[in-house]
Amino acid sequence: MNSDTQLDLWEVFIQSKSGQPYIHAGSIHASDMKMAMQNARDTYTRRGEGTSIWVVPSKYIVASNPDDNAMLFDPSNDKIYRHPTFYVMPEGAKNI
Amino acid sequence: MTTKEATFTYTLRLGDDALILGHRLSELCSKAPFIEEDLALTNIALDMIGRAQAMLSHAAELEGKGKTADDLAYRRPEINYYNHLITEQPNGDFAHTIVRQLYLSAFEFLFYCELEKSKDETLAAIAKKASKEVQYHWQHAMDWTIRLGDGTGESKRRMQIALYELWMYTGELFEMDAVDETLIKAGIAVDLTSLKTQWLNLIKNTVTEATLLMPDDTYMQSGSRKGIHSEHLGHILSELQYLQRAYPDAIW
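One line per chain: the protein sequences are A and B, in this order.
Using numbering that gives the first Met the number 0, you'd call the opening residue of the first sequence number 0 and step up by one each time.
Using numbering that gives the first Met the number 0, you'd call the opening residue of the second sequence number 0 and step up by one each time.
This is the structure we're talking about:
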């Protein structure tokens with residue numbers, strides 16, 4: 000299955016500042032945790048993008064199957080009452 | 000020699016180390032073994048170029064002849080460069096690049112921690128920034144040394160050869176002359192005597208962990224304090240200085 004001749008694949012998540020969520024930045028190759036951290040740092044935080052990094056071996060990411068999209072996601076399409084659009088937004092409220 | 004003249008030479012030497020090694024590492028741009036390492040090495044190169052700019056600007060100011068950092072970087076002949084010989088050695092295979100980083104970044108890691116205490120405020124400020132960068136350079140070189148030394152038969156063999164071949168350029172890192180002595184008295188320069196044992200310990204521990212052998216004491220190359228270089232510097236300068244030599248004062 001693995002025809003990639005490079006090192007193992009890792010996914011990189013970057014937190015831009017404390018309290019913010021970790022956002023997927025991309026992937027890198029590395030042979031171990033230390034190298035993964037250094038490569039993530041060198042590849043994705045060179046311009047001050049982050050203050051914290053997570054690296055995860057890609058093989059441990061469980062992804063949904065596109066064939067299941069209809070079953071998984073379509074049922075939420077007609078439930079507009081789940082959106083907070085029926086409330087009046089307090090003036091000056093941020094991050095809602 | 001006044002303290003100011005000595006500080007000029009001292010700063011110039013530090014600037015040249017950063018400039019020449021930065022140039023060497025920049026040659027690896029798009030040529031490293033894989034893209035993440037390409038970024039790692041060129042990141043280190045950029046740290047070096049940044050430090051060179053800070054050092055050479057300070058040197059130009061100390062010299063007081065109205066020159067700029069660019070004048071110093073691009074308009075000097077080879078004999079007026081004072082970078083350590085190890086910084087100008089070719090990148091060779093990846094093992095040579097890593098061992099050059101190992102020897103030098105261990106030295107710079109110890110050196111810049113000490114230079115933070117310098118009584119020359121600009122040098123102390125540059126050192127404070129540099130020591131964070133150099134700590135990472137050291138970590139990077141150390142990890143690769145352990146990984147490759149304790150890796151395959153091929154990587155071990157190449158690392159061992161590189162350790163032996165570059166060893167003769169390490170003695171020079173601890174040489175001191177009248178410039179250093181004048182400035183140590185003034186509290187500006189770092190006394191390298193005490194760094195040598197610490198450096199040797201850092202290298203020994205890493206080499207041992209990498210299951211490699213320490214090189215035996217051998218003839219040590221020397222000369223850069225006086226501007227005497229290996230054949231490699233001339234070739235570096237012909238590329239580095241080409242534009243300013245061909246089109247003086249060219250800007251963009």
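Beta carbons are placed, not taken as given, at the ideal position from N, Cα and C, and that holds for glycine.
All values derive from a computational prediction rather than experimental measurement.
Residue range of the unbroken beta strand (DSSP E) whose run includes residue 177 (chain B)
Along the second sequence, read from residue 1 onward, the residue named residue 177 (chain B) stands at position 178. Residue 177 (chain B) -> not in any beta strand (DSSP E); alpha helix (DSSP H) instead, spanning 177-184.
Mind reading off the beta-carbon distance from residue 201 (chain B) to residue 144 (chain B)? Whole number of angstroms is fine, and I expect it under 8 Å.
Counting from one through the second sequence, the residue named residue 201 (chain B) turns up at place 202. Counting from one through the second sequence, the residue named residue 144 (chain B) turns up at place 145. 11 Å between Cβ atoms; not a contact.
Under a three-way DSSP split, which group does residue 0 (chain A) fall into?
For the purposes of this step, residue 0 (chain A) is identified with residue 1 of the first sequence, where counting begins at 1. Only weak support is given to the placement of residue 0 (chain A): the predicted model assigns it a pLDDT of 46, under 50, and the value that follows is read from those uncertain coordinates. DSSP places residue 0 (chain A) in coil when its eight states are reduced to three.
Indicate whether residue 166 (chain B) and residue 214 (chain B) have their beta-carbon atoms separated by less than 8 Å.
Locating residue 166 (chain B) in the second sequence gives position 167, counting from the first residue. Locating residue 214 (chain B) in the second sequence gives position 215, counting from the first residue. Yes, Cβ-Cβ distance for residue 166 (chain B) and residue 214 (chain B) is below 8 Å.
Could you tell me which residues DSSP pairs with residue 28 (chain A) in its beta bridges?
Within the first sequence, the letter at position 29 stands for residue 28 (chain A). Paired residue(s): A:8.
Under 8 Å between C-beta atoms of residue 226 (chain B) and residue 111 (chain B)
The residue labelled residue 226 (chain B) in the question sits at position 227 within the second sequence. The residue labelled residue 111 (chain B) in the question sits at position 112 within the second sequence. In this structure, residue 111 (chain B) does not lie closer than 8 Å to residue 226 (chain B) by Cβ.
Using CA atoms only, rank isn't needed, just tell me which of B:119, B:52, B:35, B:7 is closest to residue 22 (chain B).
As a working mapping, residue 22 (chain B) is identified with position 23 in the second sequence. Of the listed residues, the one whose Cα sits closest to residue 22 (chain B) is B:52.
Per DSSP, residue 89 (chain A) forms a beta bridge with which residues?
Taking the first residue of the first sequence as position 1, residue 89 (chain A) is located at position 90. Beta-bridge pairing by DSSP links residue 89 (chain A) to no other residue.
With a threshold of 8 Å, are at least 3 pairs of Cβ atoms found where one atom belongs to the stretch 170-179 of chain B and the other to the stretch 235-243 of chain B?
In short, these stretches do not touch, since the Cβ pair count stays below three.
Residues in the stretch 9-35 of chain B having any Cβ partner in chain A nearer than 7 Å:
33, 35
Is residue 251 (chain B) helix, strand or coil by DSSP?
In the second sequence, counting from the first residue as 1, residue 251 (chain B) sits at position 252. Coil, per DSSP.
If the criterion is Cβ atoms closer than 8 Å, does the pair residue 77 (chain B) and residue 229 (chain B) meet it?
As a working note, residue 77 (chain B) is residue 78 in the second sequence. As a working note, residue 229 (chain B) is residue 230 in the second sequence. Contact flag unset, no.
Whole angstroms is fine: what's the gap from residue 219 (chain B)'s alpha carbon to residue 212 (chain B)'s?
If you number the second sequence from 1, residue 219 (chain B) lands on position 220. If you number the second sequence from 1, residue 212 (chain B) lands on position 213. Straight through space, the alpha carbons of residue 212 (chain B) and residue 219 (chain B) are spaced by roughly 18 Å.
For the alpha helix (DSSP H) containing residue 202 (chain B), list its first residue and its last residue.
Within the second sequence, numbered from 1, the residue matching residue 202 (chain B) stands at position 203. Here the alpha helix (DSSP H) through residue 202 (chain B) covers 192-208.
DSSP three-state label for residue 187 (chain B), please.
Position 188 of the second sequence, counting from 1, holds the residue named residue 187 (chain B). Of the three classes helix, strand and coil, the one that applies to residue 187 (chain B) here is coil, per DSSP.
Leaving aside the five residues before and after residue 58 (chain B) along the sequence, list all residues of the same chain whose C-beta is less than 7 Å from its C-beta, in chain order.
Residue numbering aside, residue 58 (chain B) sits at position 59 when the second sequence is read from its first letter. Result list for residue 58 (chain B): 7, 10, 11, 14, 71, in chain order.
Would you say residue 249 (chain B) faces chain A, with C-beta separation under 8 Å as the test?
Numbered from 1 along the second sequence, position 250 holds the residue referred to as residue 249 (chain B). So, not an interface residue.
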